[in-house]
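Engineer: Numbering (UniProt numbering), first residue to last: 1 to 193. Here a beta-carbon is modelled for each residue, glycine too, at the ideal position from N, C-alpha and C.
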Amino acid sequence: MKGVYEKNPQMGDPASVDPRLVEMAMNIEKLQSEVQKFEGWLAEVEGRLPSRSDPPRRQSGLYESQNSNSTMVDNNCAQDRESSPDGSYTEEQSSETQVKVAIANTPEFDDEFDDGDEETLPTIGTCKAVYSFEGHNEGTISVTEGELLFVIEQDKGDGWTRVRRNEEEEGYVPTSYVEVFLETNTKGAMTYI
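(1) Pick helix, strand or coil for residue 175, following the three-state DSSP scheme.
(2) Between residue 125 and residue 182, which are expected to be in contact by the criterion C-beta below 8 Å, what is the C-beta distance as a whole number of angstroms?
(3) Note the first and the last residue of the continuous alpha helix (DSSP H) segment covering residue 31.
(4) Name the two residues that bound the continuous beta strand (DSSP E) containing residue 125.
(5) In angstroms with no decimal places, state the Cα-to-Cα distance between residue 138 and residue 30.
(6) Nearest-angstrom Cα distance between residue 11 and residue 174?
(7) Does the separation of the CB atoms of residue 149 and residue 163 fall below 9 Å?
(8) So what does DSSP say about residue 183, is it helix, strand or coil?
(9) How big is the Cα-Cα spacing for residue 7 and residue 33?
(10) If you count every other CB in all the chains shown that lies within 10 Å of the CB of residue 161, and 16 or more means buried, which is it?
(11) Output the boundary residues of the beta strand (DSSP E) element that contains residue 4.
(12) Below 9 Å between beta carbons: does that hold for residue 132 and residue 144?
(13) Could you check the C-alpha separation between residue 2 and residue 20 for me, to the nearest Å?
(14) Shortest alpha-carbon distance to residue 166 belongs to which of 141, 26, 39?
(15) Hey, how far is the Cα of residue 14 from the Cα of residue 5?
(16) Do residue 123 and residue 151 have their C-beta atoms within less than 9 Å of each other?
The following block contains the structure:
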């Protein structure tokens, strides 16, 4: 780039490029140092993977299985560590770490987190659709004019009311499209995080 400036002075002063090149070189060095640090942390964490004699746990395709091909990755992390990503400790690591990274054909998965066991939110009222609404976006639900639905969450000021149909289908509809009838002893469903 500097050569282009030197050959074509009408493009600008070649001397103005030098400070920027120095700055970019320093940024590159800093980023390479961070990459090496994070690769070291990754190697350390992967080095603590359970051995085959440990009881089986949820595994992804990165863990070594009996039928998978594996490759060896060497990471030399010989720098002083200031802190872990969460700042929990400091230590000096000066040994070379070898980590086996498996390339599994099919990742294992257990059905521990099926969505079928979710609790349904309580009904806090009912509503009647004043207008039809086509719910094309994720999280919305389509309604037809005159349809009766259960309200499970009031409008929180964003213009959307959460409703349920047939104890299975739920989603958001524009509050201005429905007439809401809240039960007198409810103040709105709590938002679960």
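Structural biologist: Taking the geometry as given:
(1) helix
(2) Contact holds; Cβ gap of about 4 Å.
(3) 17–47
(4) 125–129
(5) 41 Å
(6) 55 Å
(7) yes
(8) Three-state result, residue 183: coil.
(9) 35 Å
(10) buried
(11) Not the beta strand (DSSP E): residue 4 falls in the alpha helix (DSSP H), residues 2–7.
(12) In this structure, residue 144 lies closer than 9 Å to residue 132 by Cβ.
(13) If you take the alpha carbons of residue 2 and residue 20, they lie about 11 Å apart.
(14) 141
(15) 5 Å
(16) Contact flag set, yes.
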